[in-house]
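In this text, residue positions in the sequence shown follow the working numbering: the first is 4, and each later residue adds one.
All residues carry an ideal CB built from backbone N, CA and C; glycine is no exception.
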Amino acid sequence: MTAAAHTDTFGRPLRNLRLSVTDRCNLRCQYCMPERDYVWLPRQQILNYEEVGTLVDVFLDLGVTKARLTGGEPLVRRDLPELVRLLAEKPRLSDLAITTNGVLLADAAVPLRKAGLHRVTVSLDTLRPDRFQALTRFDDHARVLAGIEAAAAEKFQSLKLDTVVMRGVNDDEILPLLDYGRKVGAEVRFIEYMDVGGATRWSPTSVFSRVDILAAIARRHGPVTPIAERSSAPAERFRLADGTTFGIIASTTAPFCGACDRSRLTADGQWYLCLYAARGLDLRGPLRAGASKDELARLITEGWRERTDRGAEERLGIRNRAPLVGVETLRKNPHLEMHTRGG
Ligand code: SAM
4 MTAAAHTDTF GRPLRNLRLS VTDRCNLRCQ YCMPERDYVW LPRQQILNYE EVGTLVDVFL
64 DLGVTKARLT GGEPLVRRDL PELVRLLAEK PRLSDLAITT NGVLLADAAV PLRKAGLHRV
124 TVSLDTLRPD RFQALTRFDD HARVLAGIEA AAAEKFQSLK LDTVVMRGVN DDEILPLLDY
184 GRKVGAEVRF IEYMDVGGAT RWSPTSVFSR VDILAAIARR HGPVTPIAER SSAPAERFRL
244 ADGTTFGIIA STTAPFCGAC DRSRLTADGQ WYLCLYAARG LDLRGPLRAG ASKDELARLI
304 TEGWRERTDR GAEERLGIRN RAPLVGVETL RKNPHLEMHT RGG
């Protein structure tokens, strides 16, 4: 049975947990990890799967029903299907998904499906191999497409493609990406470029907004119909006359903090209540010191009850918006990075 959800100061329920399983990544996307060097989390601080399972049990006791594995790149974490199996066996977890860059997905799709994973989202920002290399610094475009096709063949409950649209970089690929998504049976979600920690090259002029995206699609496809649905999911969904559906995640120009039921557990057990939060709550320390599940539950409940975060909305109110955090600060505190926190 699902536990009654705990609510924060704005009445938002604790329902959705992002589990960053590693801060490491095998790509260096311009909008996320554009620097040459990074400071990594110390290995001995990374939670093992048993520890992750224990914390997830506490979150399930408190009403969480959905979890998403992310990172960093979750598929670089060794034996990830073992964690999927451990989580998929928890009946109160009604939704178990992964966000991956797809580079290692061709070999992982079958083991992930067998382990009980429900849904897959693959980040795909371009259909052009040369542009992929410029965007990510790796020549892995063909592997990503093979990963997407392998996932499509496994018939997960859903397959989605996430595209961060950057003005002057890939805004000319919105229509081809929609066509590609239709071809492989995946819904595409266009994401506005966000000024999160790690996006050190962000500028307001590089954002290709929800309005711009809708206009580009309407120019080719005619009327775009919003799909009315009540959901805490970040994407607003739309339908085209030919039945194709797609989503837009407009965190930068039209944030949706009021519906945010998400929190994030980093690979080293720090719990963040907002993508933009300056500080998290240490759960690894108490867990390793032998705290009981009740004690951990108390920490989490108190943290959530006091939650006032509405980071994206606060960013929207800032004039002369610039990157959230400078490189030197990120090096001193890698927990501020999107790739540590789990996008
Ligand atoms: N490595 C995996 C991947 O590439 O999907 C999971 C982690 S990645 C941080 C998760 C998501 O965050 C991806 O869809 C990525 O596109 C998105 N992301 C990272 N930086 C972003 C930014 N500055 N603006 C918008 N989305 C961003």
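Beta-carbon spacing of residue i, residue j below 9 Å
i	j	result
LYS296	ASP11	no
LEU284	GLY314	no
SER254	ILE194	yes
ALA280	ASP312	yes
VAL210	THR139	no
ARG310	PHE62	no
CYS32	ASP128	yes
THR102	GLY250	no
ARG192	ASP165	yes
VAL106	LEU58	no
ARG344	LEU278	yes
PRO77	VAL24	yes
MET197	TYR34	yes
LEU99	ALA91	yes
GLU38	VAL328	no
LEU286	GLN273	yes
VAL187	ALA221	no
Beta-carbon contacts of residue i that lie in its chain and below 6 Å, excluding the five residues immediately before and after
i	result
PHE159	ARG122, VAL123
ALA149	ALA109
GLY171	none
LEU276	SER266, ARG310, ASP312
ASP264	ARG15, PRO16, ARG18, ASN19, SER235
ASP174	VAL168, PHE211
PHE141	LEU30
TRP205	ASP198, PRO326
ARG223	LEU178
GLN48	ASP271
Helix, strand or coil at residue i according to DSSP, with G and I counted as helix
i	result
SER266	strand
TYR196	coil
PRO258	coil
SER126	strand
PRO179	helix
THR343	helix
ASP165	strand
ALA100	strand
GLY225	coil
THR332	helix
ASP312	coil
ARG322	coil
VAL79	helix
GLU92	coil
TRP205	coil
LEU290	helix
VAL172	coil
ASP271	coil
ILE252	strand
ASP11	coil
ASP110	helix
GLU317	helix
ASP285	strand
ARG233	coil
LEU115	helix
Residues near residue i by beta carbon distance below 8 Å, same chain, minus five either side
i	result
ALA66	A quick correction: the sequence has Gly, not Ala, at residue 66. These residues qualify, in order along the chain: THR5, ALA6, ALA7, ALA8, HIS9, PRO16, LEU17, ARG18.
THR248	GLU190, ILE230, ARG240, PHE241, ARG242
ASP64	ALA6, LYS296, ALA300
HIS144	THR129, ARG131, PRO132, PHE135, GLN136
Cβ shell of residue i (< 7 Å), same chain only, five flanking positions each side left out
i	result
VAL55	LEU22, LEU86
PRO226	ALA244
TYR183	LEU130
PHE259	PRO237
ARG88	ALA118, GLY119
LEU333	GLY200, GLY201, LEU339, GLU340
ARG324	ASP198, PRO207, ARG318
GLU152	VAL187
Heavy atom of the ligand ATP within 8 Å of residue i beta-carbon
i	result
LEU120	Within the structure as shown, the ligand ATP is missing, the only ligands being the ligand SAM.
9 Å Cβ cutoff, residue i in contact with chain C
i	result
CYS32	Note that chain C does not occur in the displayed structure, where there is just one protein chain.
Q. Which runs of the beta strand (DSSP E) fall wholly inside the region 13-77 and span at least 3 residues, in chain order?
A. Along the region 13-77, the beta strand (DSSP E) occurs as fully enclosed runs of 3 or more residues at 19-23, 69-73, listed in sequence order.
Q. Do three or more CB pairs link the region 72-87 to the region 132-139 at distances below 8 Å?
A. no
Q) Three or more beta-carbon pairs under 8 Å between the region 35-55 and the region 259-273, yes or no? A) yes
Q | Ranges of the alpha helix (DSSP H) found wholly within the region 129-163, counting only runs of at least 4 | A | 132-139, 144-156
Q) On the three-pair Cβ rule with 8 Å, is the region 313-327 touching the region 77-86? A) Flag = no, the region 313-327 and the region 77-86 do not touch.
Q.
Any contact between the region 106-117 and the region 151-166? By contact I mean 3 or more CB pairs, one from each, below 8 Å.
A. Under the Cβ criterion (8 Å, minimum of three pairs), the region 106-117 counts as touching the region 151-166.
Q: Please determine if the region 193-212 and the region 336-344 are in contact, where contact requires at least 3 C-beta pairs separated by less than 8 Å.
A: yes
(Q) Is it the case that the region 217-228 contacts the region 240-253, given that we only count it when at least three CB pairs across the two stretches are under 8 Å? (A) Contact holds: three or more Cβ-Cβ distances are below 8 Å.
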